[in-house]
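Going letter by letter, the sequence shown gives residues 0 to 438 in numbering that gives the first Met the number 0. All C-beta atoms, glycine included, are put in the ideal place defined by N, C-alpha and C. Heads up, the thing below is written out as structure tokens.
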Amino acid sequence: MKVSVVGCGYLGAVHAAAMAELGHEVVGVDVDQRKVAALNEARAPFFEPGLDELLGRTLGAGRLRFTTDFGDAAGAQVHFVCVGTPQKRGEYAADLRYVEAATESLLAVLQPGELLVGKSTVPVGTAARLAELVDGKVPGALVAWNPEFLREGFAVQDTLHPDRLVYGVPSGPDGERARALLDEVYTTIVAAGTPQVVTDYATAEMVKTAANSFLATKISFINAMAELCEATGADVKQLADAIGFDDRIGRKFLNAGLGFGGGCLPKDIRAFMARAGELGADQALTFLREVDNINMRRRIRMVELAREVCDGSLLGKRVAVLGAAFKPDSDDIRDSPALNVAQQLQLQGAVVRVTDPAALDNSRREWPHLDYAATPEEAAERADAVLVLTEWQQYKQLDPVAFGRVVARKRVLDGRQALDREAWTAAGWSYRALGRRSD
Ligand code: UDX
Numbered sequence: 000m001k002v003s004v005v006g007c008g009y010l011g012a013v014h015a016a017a018m019a020e021l022g023h024e025v026v027g028v029d030v031d032q033r034k035v036a037a038l039n040e041a042r043a044p045f046f047e048p049g050l051d052e053l054l055g056r057t058l059g060a061g062r063l064r065f066t067t068d069f070g071d072a073a074g075a076q077v078h079f080v081c082v083g084t085p086q087k088r089g090e091y092a093a094d095l096r097y098v099e100a101a102t103e104s105l106l107a108v109l110q111p112g113e114l115l116v117g118k119s120t121v122p123v124g125t126a127a128r129l130a131e132l133v134d135g136k137v138p139g140a141l142v143a144w145n146p147e148f149l150r151e152g153f154a155v156q157d158t159l160h161p162d163r164l165v166y167g168v169p170s171g172p173d174g175e176r177a178r179a180l181l182d183e184v185y186t187t188i189v190a191a192g193t194p195q196v197v198t199d200y201a202t203a204e205m206v207k208t209a210a211n212s213f214l215a216t217k218i219s220f221i222n223a224m225a226e227l228c229e230a231t232g233a234d235v236k237q238l239a240d241a242i243g244f245d246d247r248i249g250r251k252f253l254n255a256g257l258g259f260g261g262g263c264l265p266k267d268i269r270a271f272m273a274r275a276g277e278l279g280a281d282q283a284l285t286f287l288r289e290v291d292n293i294n295m296r297r298r299i300r301m302v303e304l305a306r307e308v309c310d311g312s313l314l315g316k317r318v319a320v321l322g323a324a325f326k327p328d329s330d331d332i333r334d335s336p337a338l339n340v341a342q343q344l345q346l347q348g349a350v351v352r353v354t355d356p357a358a359l360d361n362s363r364r365e366w367p368h369l370d371y372a373a374t375p376e377e378a379a380e381r382a383d384a385v386l387v388l389t390e391w392q393q394y395k396q397l398d399p400v401a402f403g404r405v406v407a408r409k410r411v412l413d414g415r416q417a418l419d420r421e422a423w424t425a426a427g428w429s430y431r432a433l434g435r436r437s438d
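Here you go:
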């Protein structure tokens, strides 16, 4: 099939390459000239394992190209909208200007019988509104909502082998046509037996925000338990292991620590609350405010813990921060808990040096007032404390004996329960982690 993908960020670039991998002829459209140029040279404009290879393969096969010209989307049977929906400045609601602009641009090329598919995370009600707009301008064109659940760091795998397909389609024959086109795009994925949920627009939109709210709640639940563990001397890691053996609960997303960040979970739960308010159902989601609060408290607690181990004052203390990305295998620093903590420490008088294997360029650009180092050893030179705030594999594998020779004081704070506590304490380090005993 001929497919267009509008918006070539974390979602769209991976989606475009994955659709080409499935055998389609794909054009990716983005307004950012530099991004388009990089993608056409098989260079992902962000860090995502496996994406460069996938781009290289599909560009080489001639099935994929990127452009800034919306006119090139003409003739595609299916047009995917993959633009961002960030949080609005100064309020909780999602900013839909990019979704609206992408739809407007597509209206100029869309033909009857073609399908516009929204993949961006949007407030419930958006698809119905856009469908009305499309119907008014191009009668006979179809609209579907097909949320994307990919995780950064696993985006290629998650797009080619999703754990479910959710189609929000209109009722009646238009819905049948939309479903048939989506099934054709995803033939390989459907044939692999991937579960499908075919539903209305509102349910499809809500599946995404409900899923992210559930994940955020799960993380904040275990972090609330961590707060209690700190108050009682219990151990949150053992607690998570023990409750996780119950398969109704499950161990995944029960890693206590610095909490969630990134471009999705924080803004999605806030946009969900804002939308519930508009719909007069805000009470249903007041618990998400607490989920958000618990999450933000972890960052404050981390700073307090750093102060505690630095003998009660951060003034002039040299602190190494290992990790800047919001999670490992990503260079994404949007709402990064690690950088949030690094800045609080610096503002409170510590001499902070941040390192990260992938996110240093982005960090320098966004937060130029922080000091950066290329390696953990450089960051930790003569440090009074080392904070591990993103659980990169490289940091898990650090040798505590050799690393101990670099620092002034062997104090480590494990913000992600990433380190082998016994090995570090055996090497003479004082080991502290949120929700865990200090011994
Ligand atoms: C998330 C959803 O998982 C994905 O389905 C959706 O499409 C987009 O949002 P992502 O933002 O890539 O994906 O990251 P995810 O792996 O969910 O992690 C989010 C944050 O939660 C990270 O900051 C991570 O460090 C944190 N986290 C995750 C925890 O603190 N504890 C856990 O147990 C798991």
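In three-state DSSP terms, what is residue i?
| i | result |
| --- | --- |
| V235 | helix |
| S219 | helix |
| T125 | helix |
| W428 | coil |
| F402 | helix |
| Q86 | strand |
| W423 | helix |
| A471 | The shown model of the chain, from 0 to 438, leaves out residue 471, and the question about it has no answer. |
| K409 | coil |
| E198 | Note that residue 198 is Thr in the sequence shown here, rather than Glu. DSSP places T198 in strand when its eight states are reduced to three. |
| E24 | strand |
| T66 | strand |
| R317 | strand |
| S212 | helix |
| L386 | strand |
| F271 | helix |
| A16 | helix |
| V30 | coil |
| A378 | helix |
| A255 | coil |
| A36 | helix |
| A225 | helix |
| A43 | coil |
| A93 | strand |
Is it buried or exposed, residue i, if we count other Cβ atoms within 10 angstroms and call 16 or more buried?
| i | result |
| --- | --- |
| K266 | buried |
| N292 | exposed |
| S219 | buried |
| G139 | exposed |
| L278 | exposed |
| E175 | exposed |
| R297 | buried |
| P399 | buried |
| I299 | exposed |
| E377 | exposed |
| H160 | exposed |
| D68 | exposed |
| D413 | buried |
| K395 | exposed |
| D434 | The sequence given here has Gly at residue 434, not Asp. Under this definition G434 is a buried residue. |
| F46 | buried |
| K34 | buried |
| G232 | exposed |
| K316 | buried |
| P367 | exposed |
| K326 | buried |
| R42 | exposed |
| S362 | buried |
| D383 | buried |
| D162 | exposed |
| R269 | buried |
| T187 | exposed |
| K251 | exposed |
| D331 | buried |
| E497 | Residue 497 lies beyond the stretch modelled for the chain, which goes from 0 to 438, so this question has no answer here. |
For the stretch 253-273 against the stretch 116-125, do three or more pairs of beta-carbon atoms, one drawn from each stretch, fall closer than 8 Å, so that the two count as touching? yes
Can you confirm whether the stretch 81-91 touches the stretch 6-21 when touching is taken to mean that 3 or more C-beta pairs between the two stretches lie within less than 8 Å? yes
Pick out the complete alpha helix (DSSP H) segments inside the stretch 326-371, 4 residues or longer, and give them in chain order. 336-346, 359-365
At a cut of 8 Å, does the stretch 14-21 reach the stretch 84-98 through at least three beta carbon pairs? no
Taking the runs of the alpha helix (DSSP H) that are 4 residues or longer, which of them lie wholly in the stretch 103-190? 125-136, 154-159, 172-184, 186-190
Quick test of the definition: if touching needs 3 or more C-beta pairs under 8 Å, does the stretch 206-214 touch the stretch 179-190? no
At which residue ranges does the stretch 280-315 contain complete alpha helix (DSSP H) runs of 4 or more residues, listed in the order of the chain? 285-308
Is it a yes or a no for the stretch 240-252 touching the stretch 407-423, going by three-plus beta-carbon pairs under 8 Å? no
Per the contact definition of three or more C-beta pairs closer than 8 Å, is the stretch 369-384 in contact with the stretch 269-278? no
Measuring CB atoms only, is the stretch 142-152 touching the stretch 198-205, in the sense that at least three cross pairs come out at less than 8 Å? yes
Sufficient close CB pairs (3 or more, under 8 Å) joining the stretch 129-136 to the stretch 101-112: yes
Can at least three beta-carbon pairs, one atom from the stretch 304-314 and one from the stretch 346-359, be found at a separation below 8 Å? yes
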